[in-house]
Amino acid sequence: MRRYIIFLPSALLGLIAGIWLYFKPFPYEQQGNGLVLLLVAGALVGGLLGTAHLLEKYVPSFSYASKLLERSLAQFKISYLLAFSLAAISALAEELFFRAVLMPLIGVWAQAILFGLMHPAPKKAWAYTVFTGCAGLAFGYATLLTGSLVPAIAAHFFINLQGFLELKRLQLKR
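Following this note's numbering, the numbering of the sequence shown begins with 383 at its first residue and continues without gaps.
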């Protein structure tokens, strides 16, 4: 159980966000219907995963970060249930904290910078933190555009799930 401690910060952020939102509800008014939310989520997933693929292929700093992340998560025996659970908890908690709590207080750019900084990497892997900050910017603008957290939560979930499933695939190859 101790090995899952690295996921504790996300869970704590979610708890803080839940308490905050109990007293101060989400401030944005939803724009568009379910189809719009689905299309925005799909665009986020496609755009961010496509960008990550290109960065992995052409930016050594990003591929180095990917390898570091794979090594640091290698201790986990990833099951499909664990992949789903970790992706869901981290996406929901981080989106509630960064987009629902922080963004109305400090703005879209500042929350994106903090989101990137919460995903630190060594100097040699700087591209990962920059990419994560850009993802936070995309999630933030999607939330502002739609007035809903649904696209950001869904996209964040699928991006994290893809990462955990890729880790599982690599573990099965060994």
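Think of the CB as a built atom: it goes at the ideal place given N, C-alpha and C, for glycine as much as any other residue.
Residue j and residue i - do their beta-carbons sit closer together than 7 Å?
i: glycine 522; j: glycine 498; result: no
i: alanine 399; j: valine 483; result: yes
i: glutamate 476; j: serine 392; result: yes
i: asparagine 415; j: alanine 469; result: no
i: alanine 447; j: tyrosine 510; result: yes
i: leucine 549; j: leucine 455; result: yes
i: proline 486; j: proline 407; result: no
i: threonine 528; j: glutamine 413; result: yes
i: phenylalanine 480; j: glutamine 493; result: yes
Report buried or exposed for residue i, applying the criterion of at least 16 other Cβ atoms within 10 angstroms of its Cβ.
i: isoleucine 401; result: exposed
i: serine 461; result: exposed
i: phenylalanine 539; result: buried
i: phenylalanine 444; result: buried
i: phenylalanine 405; result: exposed
i: glycine 396; result: buried
Starting from residue i, trace the alpha helix (DSSP H) both ways and give me its first and last residue.
i: tyrosine 462; result: 462-477
i: arginine 551; result: 532-555
i: methionine 485; result: 485-488
i: tyrosine 410; result: Note, tyrosine 410: premise wrong, no alpha helix (DSSP H); not H, not E.
i: proline 442; result: 442-455
Is there contact between the stretch 422-441 and the stretch 502-520, where contact requires at least three CB pairs shorter than 8 Å?
Taking 8 Å as the limit for Cβ pairs, the verdict is that the stretch 502-520 does touch the stretch 422-441.
Could you check whether the stretch 523-538 touches the stretch 412-423, counting it as contact only if at least three pairs of C-beta atoms, one from each stretch, sit closer than 8 Å?
yes
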